[in-house]
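J.: Take a look at this one; I'll ask things after.
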């Protein structure tokens with residue numbers, strides 16, 4: 001059974017930084033595009049960053065220049081470095097393949113940005 005475990009969230013002030021980590025229970029990311037998603041209260045889950053097997057990255061406009069996605073296939077892991085956080089970044093953050101596999105969603109990690 002596939003498990004995705006996200007960690008690294010927390011509460012930060014505007015302008016702060018966090019680094020999220022996601023570890024998979026097996027080599028499910030290998031040779032696949034992987035992404036970070038987020039879901040704010042009352043909103044649909046959205047893809048904010050993705051990285052291909054070759055390392056090419058893409059970001060939603062609202063996080064470009066602030067977030068950086070990376071991966072380590074040897075560790076079955078994907079990371080999201082988030083800088084210059086603002087209250088609009090408050091959400092639960094999840095990792096998954098792109099497109100997401102419905103049965104693989106983990107618990108996510110909460111990110112709260114407020115003063």
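In our numbering, the protein residues as written are 1 to 115. Every residue, glycine too, gets a C-beta built ideally from N, C-alpha and C. Please read these numbers as outputs of a predicted model, since none were measured by experiment.
Buried or exposed, going by whether 16 or more other CB atoms sit within 10 Å of the CB of residue 102?
T.: Residue numbering aside, residue 102 sits at position 102 when the chain shown is read from its first letter. Result: exposed.
J.: Find the nearest neighbour of residue 8 within the set 93, 74, 28, judged by alpha-carbon distance.
T.: On the chain shown, position 8 is the one that residue 8 refers to. For the residues 93, 74, 28, the minimum Cα distance to residue 8 belongs to 93.
J.: With a cut-off of 8 Å on the beta carbons, I'd call residue 21 and residue 51 a contact; round off their distance for me.
T.: Within the chain shown, residue 21 is the residue found at index 21, counting from 1. Within the chain shown, residue 51 is the residue found at index 51, counting from 1. Actually they do not touch by this definition, with Cβ atoms about 14 Å apart.
J.: Taking DSSP as the reference, what is the three-state secondary structure of residue 102?
T.: Mapped onto the chain shown, residue 102 falls at position 102. Note: residue 102 maps to helix in three-state DSSP.
J.: For the region 62 to 91, list the beta strand (DSSP E) runs that are entirely contained and at least 3 residues long, ordered along the chain.
T.: Correct list: 67 to 72, 77 to 82.
J.: If you measure between the beta carbons of residue 53 and residue 68, is that distance less than 8 Å?
T.: Residue numbering aside, residue 53 sits at position 53 when the chain shown is read from its first letter. Residue numbering aside, residue 68 sits at position 68 when the chain shown is read from its first letter. No. Outside cutoff.
J.: Under the three-state reduction of DSSP, which class applies to residue 51: helix, strand or coil?
T.: Looking up residue 51 in the chain shown gives position 51. Of the three classes helix, strand and coil, the one that applies to residue 51 here is strand, per DSSP.
J.: Smallest Cα separation from residue 99: which of 36, 12, 10?
T.: Numbered from 1 along the chain shown, position 99 holds the residue referred to as residue 99. Among 36, 12, 10, the Cα nearest to that of residue 99 belongs to 36.
J.: Output the boundary residues of the beta strand (DSSP E) element that contains residue 6.
T.: The count along the chain shown starts at 1 and reaches residue 6 at position 6. From DSSP, the beta strand (DSSP E) with residue 6 extends over 4 to 7.
J.: Are there 16 or more other CB atoms within 10 angstroms of the CB of residue 30, so buried, or fewer, so exposed?
T.: Here residue 30 refers to the residue found at position 30 of the chain shown. Exposed, since its Cβ has fewer than 16 Cβ neighbours within 10 Å.
J.: Please tell me whether residue 107 and residue 43 are closer than 8 Å, where the distance is taken between their beta carbons.
T.: Position 107 of the chain shown, counting from 1, holds the residue named residue 107. Position 43 of the chain shown, counting from 1, holds the residue named residue 43. It is not a contact, given that the beta carbons lie outside the stated cut-off.
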